[in-house]
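Everything below concerns the one structure shown next.
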Amino acid sequence: REKFFGDQVFRINVRNGDEISKLSQLVNSDNLKLNVWKSPSTFSRPVDVLVPSVSLQPVKSFLKSQGLEYSVTIKDLQALLDNEDEEMQHNEGQ
Amino acid sequence: ERSSNNFNYGAYHSLEAIYREMDSIAGDFPELATRVKIGHSFENRPMYVLKFSTAEGRRRRPAIWLNAGIHSREWISQATAIWTARKIASDYGKDPAITTILEKMDIFLLPVANPDGYVYTQTQNRLWRKTRSVNPGSPCIGADPNRNWNASFAGEGASDNPCSEIYHGPHANSEVEVKSVVDFIQEHGNFKCFIDLHSYSQLLMYPYGYTVKKAPDADELDEVARRAARALASLSGTTYQVGPTCTTVYPASGSSVDWAYDHGIKYAFTFELRDTGHYGFLLPANQIIPTAEETWLGLKTIMEHVRDNLY
């Protein structure tokens with residue numbers, strides 16, 4: 003099974019068209035292997051991106067250098083998956 | 101009636117368990133529900149819909165299509181759909197709204213529109229979204245089945261890169277799962293409503309996704325959607341944003357509801373079910389039934405409007 007150890011989900015706030023285009027540049031970069039859960043669209047809607055552990059540093063640096071605001075909404079994706087798996091096994095047992 | 105079998109609606113299930121439960125619903129309500137095979141997936145899994153009909157034999161009754169699980173990782177949508185299936189069957193004859201809807205129309209419910217993807221999320225990669233078709237010349241698998249419909253195919257908001265999560269596929273209907281639904285709906289020819297259930301971020305949207313241009317029926321769809329969102333919120337206060345796909349979430353070409361709308365199915369809506377983002381696509385199982393219950397109120401509002409405004 004594919005694992006997501008150390009992967010995090012970032013919520014990024016965009017305030018103008020310039021920030022949307024900067025962010026699009028980031029999410030379209032093939033080598034960072036980002037998985038966009040909620041795409042950049044309008045200013046009122048934050049963007050959610052799954053960032054693999056190997057890409058955490060470069061993504062953080064990019065966001066910082068471009069002045070993009072972000073927060074980490076899921077700190078440990080694998081922990082969530084493990085909990086879900088446990089819950090499913092428990093339900094199956096029931 | 102729910103204690104007559106051991107299916108737990110408050111839990112996530114395998115494809116086999118969902119298919120068994122569809123069979124069981126059909127068995128429990130033989131006068132109302134039948135499980136119909138409408139096609140198969142790329143990896144040759146069957147695609148089943150539950151057909152709810154009170155008019156045996158009259159094939160071209162006006163109909164409603166409820167679609168769920170097209171993006172395989174959005175598990176709350178498949179779970180909500182199977183709960184909804186049992187709800188439709190058990191409320192018929194008791195709840196005047198669903199009774200009168202079914203006296204006039206048929207309902208077709210597809211709980212798992214992307215069976216290969218769903219199995220893959222349970223066995224290999226929980227976050228898989230696409231189909232599992234092979235892309236010749238690329239190491240990457242699958243296409244986004246909600247970019248693969250013949251509605252401004254390969255336009256804005258879809259990718260031509262097979263490795264992208266929003267890859268539109270080599271041509272419209274290239275994904276056999278999409279083609280199966282398209283063929284079924286076209287062959288039937290009398291669908292009046294198409295609702296796609298997704299999850300993430302609580303939205304209720306209507307065409308278009310592929311353009312910012314206003315749909316000819318946008319005012320009516322907006323009014324219906326706002327009423328549906330209010331009904332949904334009445335249960336536990338879940339707030340939905342309402343509007344056209346393109347400006348409410350993001351531009352997306354080749355989507356199911358845009359195809360439905362462009363092919364004469366006026367009442368075309370997309371739900372994005374409950375999920376703040378803090379759970380990713382891993383909405384805790386104890387929220388399945390609350391989500392299904394509130395969604396039901398929204399669905400019922402739309403279906404009642406369709407019933408009263410057949411065209």
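Quick note, the sequences are listed as chains F and L, same order.
So in the numbering used here, spot 64 of the first sequence is number 66, and the numbers just go up one at a time.
So in the numbering used here, spot 104 of the second sequence is number 204, and the numbers just go up one at a time.
Here a beta-carbon is modelled for each residue, glycine too, at the ideal position from N, C-alpha and C.
Computed from a prediction, not measured in an experiment: that's the story for all the values here.
Burial is judged here by how many other beta carbons sit within 10 angstroms of a residue's own beta carbon; Pro351 of chain L has at least 16 and is buried. The count of Cβ pairs closer than 8 angstroms, one atom from the segment 314-325 of chain L and one from the segment 381-393 of chain L, stays below three, leaving the stretches out of contact. Not a single CB atom of chain F sits nearer than 8 angstroms to the CB of Gly217 of chain L. At a cut-off of 4 residues, the continuous stretches assigned as alpha helix (DSSP H) that sit fully inside the segment 185-215 of chain L are 196-204. With fewer than 16 other beta carbons inside 10 angstroms of its own, Thr44 of chain F counts as exposed. Think of a sphere of 9 angstroms around the beta carbon of Arg374 of chain L: no beta carbon from chain F falls inside it, the nearest being about 15 angstroms out. Three or more beta-carbon pairs drawn from the segment 344-359 of chain L and the segment 246-261 of chain L are found closer than 8 angstroms, and the two stretches are therefore classed as touching. Within the segment 346-375 of chain L, Thr347, Val349, Tyr350 and Pro351 place their CB atoms closer than 8 angstroms to a CB of chain F, listed in sequence order.
Shown here, Tyr72 of chain F sits in a strand according to DSSP, grouped into three states. The three-state secondary structure of Cys346 of chain L, taken from DSSP, is helix. A distance of 8 angstroms or more separates the beta carbons of Val136 of chain L and Gln178 of chain L.
Asp50 of chain F belongs to the set of residues whose beta carbon lies under 8 angstroms from a beta carbon in chain L. Leaving aside the five residues that flank Lys5 of chain F on each side, the residues in its chain whose CB is nearer than 7 angstroms to its CB run, in chain order, Gln80. For Ser43 of chain F, at least one C-beta of chain L is nearer than 8 angstroms to its own C-beta. Judged by DSSP secondary structure, Gly139 of chain L falls outside any alpha helix (DSSP H) and instead within the beta strand (DSSP E) spanning Ala133 to His140.
Taking C-beta separations shorter than 6 angstroms and ignoring five residues to either side along the sequence, the partners of Val219 of chain L in its chain run Leu115, following chain order. Contact between the segment 330-350 of chain L and the segment 268-283 of chain L is absent: fewer than three C-beta pairs spanning the two stretches fall below 8 angstroms. The contact set of Val11 of chain F on chain L, defined by CB atoms closer than 8 angstroms, consists of Gly377 and Gly380 in chain order. Ile266 of chain L is a Cβ neighbour of Asp244 of chain L, given a cutoff of 8 angstroms.
Rounded to whole angstroms, the separation of the alpha carbons of Phe12 of chain F and Ser55 of chain F is 12 angstroms.
Exclusion of the five residues before and after Pro60 of chain F leaves Leu34 as the residues of its chain whose Cβ lies within less than 8 angstroms of its Cβ.
For Gln10 of chain F, the three-state secondary structure derived from DSSP is strand. In this structure, DSSP gives Tyr148 of chain L an extended state, which the three-state scheme calls strand. Assignment of beta-bridge partners to Leu373 of chain L by DSSP yields L:Ser299. The segment 186-199 of chain L makes no contact with the segment 228-238 of chain L, as fewer than three CB pairs between them are under 8 angstroms. The beta carbon of Glu203 of chain L is closer than 7 angstroms to those of Thr154 in its chain, skipping five residues each way along the sequence. Thr184 of chain L and Ala392 of chain L have their C-alpha atoms spaced approximately 7 angstroms apart. Boundaries of the beta strand (DSSP E) harbouring Leu166 of chain L: Ala163 to Ala168, taken from the DSSP string. In chain order, Thr223, Gln224, Asn225 and Arg226 make up the part of chain L whose C-beta sits under 9 angstroms from the C-beta of Arg3 of chain F.
A Cβ-Cβ distance of about 17 angstroms is found for the pair Ile118 of chain L and Phe152 of chain L, leaving them out of contact under the 8 angstroms criterion.
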